[in-house]
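Using my numbering, read the sequence shown as starting at 27 and increasing by one per residue. Note that beta-carbon positions come from the ideal geometry of N, C-alpha and C, so glycine has one too. Please read all numbers here as calculations on a predicted model, not as lab measurements. Below is one structure; the comments refer to it alone.
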Amino acid sequence: MKLWIEWFRCVAELRTACSRKRTFVWMCLVLVGFCIRTELLGVTSFVRSCFLRPETYRRLLHLFHTSALNLDKLTELWIQLALKLFRPLVFQNHLVLVADGLKVAKEGKKMPAVKALHQESQDNSKPTFIMGHSFQAVGMLAKGLLGGLFCVPLASRIHEGLVWSNRDKRTLLDKLVALFLPIANLIVLKAILLADAYYASRKIIRPLLKEGHHLVTRVRSNAVAFRPAPQPKKRKRGRPKLYGKKLPLGDLWKRRQDFLTAQSPVYGETHHEIRYLSIDLLWRPIGRLVRFVLVDHPTRGKIILMTTLLSLTPLEVIQLYGYRFKIEVCFKQALHTLGTYAYHFWMMWMTPLRRRSGKQHMHHKTEKYREMVRNKMAAYHRYVQLGCIAQGLLQYLSVTFGAQVWRHFKSWMRTMNTDRSPSEMVVGQALRSSLPHFLAATHGKHELEKMIVENADFSRLPNLRLSG
Numbered sequence: 027m028k029l030w031i032e033w034f035r036c037v038a039e040l041r042t043a044c045s046r047k048r049t050f051v052w053m054c055l056v057l058v059g060f061c062i063r064t065e066l067l068g069v070t071s072f073v074r075s076c077f078l079r080p081e082t083y084r085r086l087l088h089l090f091h092t093s094a095l096n097l098d099k100l101t102e103l104w105i106q107l108a109l110k111l112f113r114p115l116v117f118q119n120h121l122v123l124v125a126d127g128l129k130v131a132k133e134g135k136k137m138p139a140v141k142a143l144h145q146e147s148q149d150n151s152k153p154t155f156i157m158g159h160s161f162q163a164v165g166m167l168a169k170g171l172l173g174g175l176f177c178v179p180l181a182s183r184i185h186e187g188l189v190w191s192n193r194d195k196r197t198l199l200d201k202l203v204a205l206f207l208p209i210a211n212l213i214v215l216k217a218i219l220l221a222d223a224y225y226a227s228r229k230i231i232r233p234l235l236k237e238g239h240h241l242v243t244r245v246r247s248n249a250v251a252f253r254p255a256p257q258p259k260k261r262k263r264g265r266p267k268l269y270g271k272k273l274p275l276g277d278l279w280k281r282r283q284d285f286l287t288a289q290s291p292v293y294g295e296t297h298h299e300i301r302y303l304s305i306d307l308l309w310r311p312i313g314r315l316v317r318f319v320l321v322d323h324p325t326r327g328k329i330i331l332m333t334t335l336l337s338l339t340p341l342e343v344i345q346l347y348g349y350r351f352k353i354e355v356c357f358k359q360a361l362h363t364l365g366t367y368a369y370h371f372w373m374m375w376m377t378p379l380r381r382r383s384g385k386q387h388m389h390h391k392t393e394k395y396r397e398m399v400r401n402k403m404a405a406y407h408r409y410v411q412l413g414c415i416a417q418g419l420l421q422y423l424s425v426t427f428g429a430q431v432w433r434h435f436k437s438w439m440r441t442m443n444t445d446r447s448p449s450e451m452v453v454g455q456a457l458r459s460s461l462p463h464f465l466a467a468t469h470g471k472h473e474l475e476k477m478i479v480e481n482a483d484f485s486r487l488p489n490l491r492l493s494g
């Protein structure tokens, strides 16, 4: 029962994102569904998992399409709540955020922003090309009770597939910055952004530096940098030379005598020795000194890292970049446990898409058509944002009430370890098994219980029991 009371206390912080009380009720029911459902079959799974009446299906659909649920306000409130619920990772007085892209397969021919996408992943279980939505997401690294780290999802948006104007030249990098900066502005501290080599670009670094934030990333093996130009003893006419000798970073691997040896600072690696070389060079895309760290790992191979925060030591740069993988674990839970991206909304009046089609040009359509597309995109984003919030709530219960979660977990796993924080799947199982007790013990006394009972199908409610 304590789990559900604490769960609703957190959700109540998001109440002002809803302009109507009934909208808040339906939002709570959706979040309950995200947390306890056992199958990821869209909105209908919310009806089954919460034992709602069949007519509530249309009302749940309406929630994702209504302007009464303010998406920007909901995102802002969730970020502020996450900063209060979790212990963020802070490095040199900088809060650590992670960003990455995610491609979600969608076969709907009447779904806006669906396009042919190329997957660069080396995972052989993924096809090279898919039809789907291209997301970019930002998460926050937080500390667990036993020192472990995990990624809390803050926001995720579709950034590809629609062209609203032929004068819009923004790239995916520009759109990530537009997603990241409002999040960073809600944080008191400045931020360090962890990202992969795709984001090692002037379009990312310059806006971050302008606001006082920094980037830790990987650069490609064929990258080049410059030594600072030697200053002449007597200044001559004209602007002083800024860039000195050009230095391909790949050539630094030949300087084996300059590499240092140390124990690997990457989490989970206790018996690995790495060789590394750190050097500060001018990087022409941003016109300033950055720190490059070349790392030779005995099993993972060679990699070149870069950071704009020169006060970070080489081992700290390696340690931070190792944490970037936490967002991949976060994506896996979102896809397979919560179904954050398992929406199926389609637009009846949309022009059907063809296989392998590209971007959809909205400036060729009527204003009414464009408005319908905007509404459908907002529905996608509301669904995904509520999924991010539900995942964050499960993570909070796992870290703060781990003992109660294991007590209500009425199942078994081969890898169970009750001394560690449970996963999102275990927390969901615990919430599902404790729901009958919560409804019986707080009959007519708790607002969340009233929300569920008022919309429940009593012919199915007594059969509530742990599945799986």
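Own chain residues within Cβ distance below 8 Å of residue i, not counting five before or after
| i | result |
| --- | --- |
| residue 496 | A question about residue 496 goes unanswered here, because the residues of the chain that appear run from 27 up to 494. |
| residue 113 | 168, 169 |
| residue 85 | 52 |
| residue 337 | 118 |
| residue 373 | 136, 137, 138, 398, 399, 402 |
Residue i versus residue j: straight-line alpha-carbon distance, rounded
| i | j | result |
| --- | --- | --- |
| residue 52 | residue 224 | 39 Å |
| residue 466 | residue 221 | 47 Å |
| residue 370 | residue 387 | 22 Å |
| residue 382 | residue 155 | 9 Å |
| residue 353 | residue 261 | 50 Å |
| residue 453 | residue 361 | 16 Å |
| residue 137 | residue 219 | 32 Å |
| residue 30 | residue 94 | 25 Å |
| residue 174 | residue 456 | 22 Å |
| residue 405 | residue 189 | 18 Å |
| residue 257 | residue 233 | 29 Å |
Beta carbon of residue i nearer than 8 Å to that of residue j
| i | j | result |
| --- | --- | --- |
| residue 165 | residue 123 | yes |
| residue 285 | residue 305 | no |
| residue 161 | residue 183 | yes |
| residue 484 | residue 475 | no |
| residue 246 | residue 331 | no |
| residue 333 | residue 235 | no |
| residue 254 | residue 276 | no |
| residue 152 | residue 143 | no |
| residue 308 | residue 251 | yes |
| residue 186 | residue 259 | no |
| residue 303 | residue 320 | yes |
| residue 481 | residue 91 | no |
| residue 97 | residue 213 | no |
| residue 201 | residue 279 | no |
| residue 311 | residue 408 | no |
Counterpart residues of residue i in DSSP-defined beta bridges
| i | result |
| --- | --- |
| residue 77 | Paired residues: none, contrary to the question. |
| residue 54 | None, per the DSSP bridge assignment. |
| residue 161 | 128, 184 |
| residue 245 | 330 |
| residue 120 | 117, 216 |
Where the beta strand (DSSP E) through residue i begins and ends
| i | result |
| --- | --- |
| residue 302 | 299-309 |
| residue 327 | 327-333 |
| residue 358 | Per DSSP, residue 358 belongs to no beta strand (DSSP E); it is in the alpha helix (DSSP H), 352-359. |
| residue 269 | 269-274 |
| residue 314 | 314-323 |
Start-to-end residues for the alpha helix (DSSP H) that takes in residue i
| i | result |
| --- | --- |
| residue 467 | 450-467 |
| residue 35 | 28-37 |
| residue 106 | 97-111 |
| residue 82 | 82-91 |
| residue 435 | Segment: none, residue 435 is in no alpha helix (DSSP H) and carries neither H nor E. |
| residue 294 | Neither: residue 294 is in no alpha helix (DSSP H) and is coded neither H nor E. |
Cβ shell of residue i (< 6 Å), same chain only, five flanking positions each side left out
| i | result |
| --- | --- |
| residue 65 | 71 |
| residue 363 | 450, 451 |
| residue 301 | 285, 287, 322 |
Cutoff 7 Å; reference residue i; Cβ partners in own chain excluding five residues on either side
| i | result |
| --- | --- |
| residue 425 | 170, 171, 447 |
Cutoff 8 Å: residue i Cβ touching any chain B Cβ
| i | result |
| --- | --- |
| residue 96 | Among the chains of the structure shown, chain B does not appear; only one protein chain is present. |
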